[in-house]
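Just so you know, we're using this note's numbering here: the sequence shown kicks off at 5 and counts up by one. Okay, structure first, notes after.
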Amino acid sequence: MLHRSRIQKLRGKSSCFLTPLTAKKAMAVKDDSSPFIFFTIFLIRKWFSPPKPSNNLPPSPPKLPIIGNLHQLGLNPHRILHSLALKYGPLMLLHLGSVPLLVVSSADAAREILKTHDPIFSNRPRSSVASGIYDCKDIAFSPYGEYWRQVKSICIYQLLSNKKVQSFRNVREEEVSLMVEKVRKSCLERSVINLGETFASLTNDIICRVALGRKYSDGEGGRKFKKVLETLGVLLGAFNVGEFIPWLVWIKYVNGMKGKIKKIAEDLDEFLEFVVKEHMDERRRNGNDGGGENGKDFVDVLLEIQRNEEGGFALDAISIKALS
5 MLHRSRIQKL
15 RGKSSCFLTP
25 LTAKKAMAVK
35 DDSSPFIFFT
45 IFLIRKWFSP
55 PKPSNNLPPS
65 PPKLPIIGNL
75 HQLGLNPHRI
85 LHSLALKYGP
95 LMLLHLGSVP
105 LLVVSSADAA
115 REILKTHDPI
125 FSNRPRSSVA
135 SGIYDCKDIA
145 FSPYGEYWRQ
155 VKSICIYQLL
165 SNKKVQSFRN
175 VREEEVSLMV
185 EKVRKSCLER
195 SVINLGETFA
205 SLTNDIICRV
215 ALGRKYSDGE
225 GGRKFKKVLE
235 TLGVLLGAFN
245 VGEFIPWLVW
255 IKYVNGMKGK
265 IKKIAEDLDE
275 FLEFVVKEHM
285 DERRRNGNDG
295 GGENGKDFVD
305 VLLEIQRNEE
315 GGFALDAISI
325 KALS
């Protein structure tokens, strides 16, 4: 009431000196400053207005307008989340910009979410990197739905079943033996061994032989493929502010993120197109049999499913490359 009476007094005083010319200028100033005034009022109300109570939401630390709790994560988010969980409990709600994030810090709560209520939490946020590479048709980034259920079934029965895992036992044993021999030679030569790089190479070689039929770690093509995978990993882990604050999505065009995604998508597609074509040529030479029942890799299986349209599910060329 005190502020209102003061404003009314000021308004009354100023009206005594208002002339037609000053009134016209005041109207012009009012028109120019209205958007700024409204925006300022909106921010003030947003900042000072208490949050709406809700009995259905977990506890949440205070958030800032626009950025939410992004500023709290810092360079060690796992430690920050742990300290916040100690304060707010095993179920905690954060806001990363406009994106709600549920933080689960107990085994019981994780069991409820991942087992009892799994379908509710099965969907995935749409990533700009994954969208730029085969439009999220791989199993890791595909949204929850019929397509995801079909490709998940293919991966479980044709790649991760006990029978399939055992059929590739010789591949794993051969690659481990090669790695041990490489380490032994390095020890005899007293040269430095980069264990991180050695184990990464082992993992990539096994995956390539199981999924693609052979290793792609040697030669110019192998080095390019390795570089593509490294760049893809960096892009997937990069912070893209437009995914959390939608009206800042234009920043990816300024900082080069969009161009990097396009380039890596083209390089990856070029490599996988070569792999699929190589398998199709081999199938034609062998009468559509690929590498035989025991020698079939995952690309052979996908091409066979595409050819036979098993289970009424049609795989297109993009899906085959995305799943490979």
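Beta carbons are placed, not taken as given, at the ideal position from N, Cα and C, and that holds for glycine.
- Residue state for Gly-149 is assigned as coil, using DSSP reduced to three classes.
- Under the Cβ criterion (8 Å, minimum of three pairs), the segment 260-277 counts as touching the segment 131-138.
- In this structure, Glu-185 keeps its C-beta atom at 8 Å or more from the C-beta atom of Ile-210.
- Sixteen is the threshold: since fewer than 16 other Cβ atoms of the shown chains lie within 10 Å of the Cβ of Asn-290, the residue is exposed.
- In the structure shown, Leu-79 adopts coil according to DSSP, grouped into three states.
- In this structure Arg-227 is exposed. Its beta-carbon is surrounded by fewer than 16 other beta-carbon atoms within 10 angstroms.
- The segment 84-104 makes contact with the segment 241-248: 3 or more CB pairs, one atom from each, lie closer than 8 Å.
- Pro-62 and His-86 have their C-alpha atoms some 16 Å from each other.
- Contact annotation: Ile-143 and Val-133 have beta-carbon atoms that are not nearer than 8 Å.
- In the three-state scheme derived from DSSP, where H, G and I count as helix and E and B as strand, His-86 is classed as helix.
- Using a Cβ distance threshold of 8 Å, Ile-322 and Leu-307 do not count as a contacting pair.
- Apart from sequence neighbours up to five positions away, the residues of its chain that approach Gln-162 with a beta-carbon distance below 6 Å are Val-305, ordered along the chain.
- Here DSSP, grouped into helix, strand and coil, assigns Gly-217 to coil.
- Within the same chain, Gln-162 come within 7 Å of Lys-168 by CB-CB distance, once the 5 residues on both sides are set aside.
- In the three-state scheme derived from DSSP, where H, G and I count as helix and E and B as strand, Pro-66 is classed as coil.
- Taking the CA atoms as reference points, Ser-195 sits about 47 Å from Pro-147.
- Note on Ile-160: under 16 other CB atoms within 10 angstroms of its CB, so exposed under the neighbour-count rule.
- If you draw a straight line from the Cα of Ala-215 to the Cα of Asn-208, it is about 10 Å long.
- Look at the beta carbons and you see the segment 85-99 touching the segment 60-77: at least three pairs across the two are nearer than 8 Å.
- According to DSSP, residue pairing for Gly-241 in a beta bridge does not occur.
- Counting the other Cβ atoms within 10 Å of the Cβ of His-75 gives fewer than 16, which makes it exposed.
- The DSSP-derived three-state label of Val-232 is helix.
- The residues Ile-117, in chain order, have a CB closer than 7 Å to that of Phe-125 in the same chain once the five nearest residues on each side in sequence are set aside.
- The beta carbon of Lys-219 sits closer than 7 Å to the beta carbons of Asp-209, Cys-212, Arg-213 from its chain, once the five residues preceding and following it are set aside; these are given in chain order.
- Excluding five sequence positions before and after Lys-262, the CB atoms of its chain that fall closer than 6 Å to its own CB belong to Lys-256, given in chain order.
- For the options Asp-285, Leu-192, Leu-182, the alpha carbon positioned closest to that of Phe-203 is the one of Leu-182.
- Collapsing the DSSP output to three states places His-121 in coil.
- Apart from sequence neighbours up to five positions away, the residues of its chain that approach Ala-113 with a beta-carbon distance below 8 Å are Pro-94, Leu-95, ordered along the chain.
- When secondary structure is reduced to three states using DSSP, Pro-129 falls in the coil class, being assigned neither helix nor strand.
- When the beta-carbon positions are compared, Leu-276 and Ser-328 come within less than 8 Å of each other.
- Bounds of the alpha helix (DSSP H) holding Leu-182 are 173-192.
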